[in-house]
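Below is one structure, written out as structure tokens; comments come after it.
Number of protein chains: 2
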Amino acid sequence: MDDDSFYCLHSELCKTLANPKRQMILDRLRDGEVSVGEIASQTDIPQATLSQHLSILRSRGVVRTRRAGSSIYYAIANPKIITAFDLITDVLRESLGEQARTAGTDESEKAKTA
Amino acid sequence: MDDDSFYCLHSELCKTLANPKRQMILDRLRDGEVSVGEIASQTDIPQATLSQHLSILRSRGVVRTRRAGSSIYYAIANPKIITAFDLITDVLRESLGEQARTAGTDESEKAKTA
DNA sequence: ACAAGATATGCGAATATTCGAATACTATGA
DNA sequence: TCATAGTATTCGAATATTCGCATATCTTGT
Chain A
63 MDDDSFYCLH SELCKTLANP KRQMILDRLR DGEVSVGEIA SQTDIPQATL
113 SQHLSILRSR GVVRTRRAGS SIYYAIANPK IITAFDLITD VLRESLGEQA
163 RTAGTDESEK AKTA
Chain B
63 MDDDSFYCLH SELCKTLANP KRQMILDRLR DGEVSVGEIA SQTDIPQATL
113 SQHLSILRSR GVVRTRRAGS SIYYAIANPK IITAFDLITD VLRESLGEQA
163 RTAGTDESEK AKTA
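Sequence lines, in order, name chains A and B.
This note's numbering numbers the first residue of the first sequence as 63 and each following residue consecutively.
This note's numbering numbers the first residue of the second sequence as 63 and each following residue consecutively.
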């Protein structure tokens, strides 16, 4: 696999995580499998929209599915996804905390020296 | 901060990583700070495009900058970003390896039972 | 076979991202 | 101050994402 393909696949995977509704869904799945109906009742995501997002998560291999009767249970396919998710949460938190201190040190902030 | 805001900020951060060119850039920065010109010469990204992506990385706090003469050096702001990046690489690799074995077990693959 | 509950898909409009070209800004040296 | 190297911004067109609606599919119970 060449570098370009790698970066494309990698960013496809990141894109899959880069949506508030899909993050909401993943957060519901972090403690184990949950059915579509359960996710729908725990969030304010309309059923069709929810199904579309689940379809995206499925197609990228982020979640796996199991049918039980007429319900379909979704689960995180690889726990490392959750670890990455939480790591980004850390970065976000640290970045928010640091924002006050480092505001204005950016080299592109030319207005400050004018 | 309410949940919606959190998921939005989190996915903003993920979106920042979810682009092949920005991943290429981050990969160049993983061993320490590099100037814009150096990144430009190591990749095939045109200068204007490169600068736009750097601007996005800057605005989300993913990188920090330092001016040295007429050059501007970019560096990863928080090493956890790289850890998350590598974790997603793991997921990608494991997912690609597993693809052959689990192909067709998806509940949405109805065609198989027809 | 039929009805009902649970989930998935197709489509179109609104919105967001991406890129290249042109241009502007900043610092250094003559 | 002027020229030049290095970097940033603006703008417009092409493309991709997102969402809601309508509808289709699948499964179970009768």
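Glycine is no exception: its CB is placed at the ideal position from the N, C-alpha and C atoms.
Since the structure is predicted, the reported quantities are computational estimates derived from the model, not experimental observations.
Checklist entry - Should residue 84 (chain B) be labelled buried (16 or more other beta-carbon atoms within 10 Å of its own) or exposed? => result Residue 84 (chain B) comes out buried.
Next on the checklist: Please classify residue 33 (chain B) as buried or exposed, where buried requires at least 16 neighbouring CB atoms within 10 angstroms.
Outcome noted: Only positions 63 to 176 of chain B appear in the structure, and residue 33 (chain B) is not among them; the question remains open.
Checklist entry - What are the residues of the stretch 98-114 of chain A that lie near chain B, defined by any Cβ-Cβ distance shorter than 7 angstroms? => result Answer in chain order: no residues at all.
Next on the checklist: I'd like to know if residue 138 (chain B) contacts chain A, where contact means its C-beta is closer than 8 angstroms to some C-beta of that chain.
Outcome noted: Output row for residue 138 (chain B): interface = no.
Checklist entry - How should residue 86 (chain A) be labelled, buried or exposed, when 16 other C-beta atoms within 10 angstroms of its C-beta is the threshold for buried? => result With 16 or more Cβ atoms within 10 Å of its Cβ, residue 86 (chain A) is classed as buried.
Item to check | Amino acids of chain A, ordered along the chain, whose beta-carbon sits closer than 9 angstroms to that of residue 96 (chain B) | outcome: Neighbours of residue 96 (chain B) in chain A, taken as residues at a C-beta separation under 9 angstroms, are lacking, since the least C-beta distance is about 14 angstroms.
Checklist entry - Contact check, residue 77 (chain B) vs residue 153 (chain A) under 8 angstroms by CB: the rounded distance? => result Actually they are not in contact, since the Cβ atoms of residue 77 (chain B) and residue 153 (chain A) sit about 14 angstroms apart, beyond 8 angstroms.
Next on the checklist: Which residues does DSSP list as the beta-bridge partners of residue 69 (chain B)?
Outcome noted: Residue 69 (chain B) is not bridged to any residue.
Checklist entry - Which residues mark the beginning and the end of the alpha helix (DSSP H) in which residue 111 (chain A) is found? => result It spans 109-121 - the alpha helix (DSSP H) in which residue 111 (chain A) sits, taken as one unbroken run.
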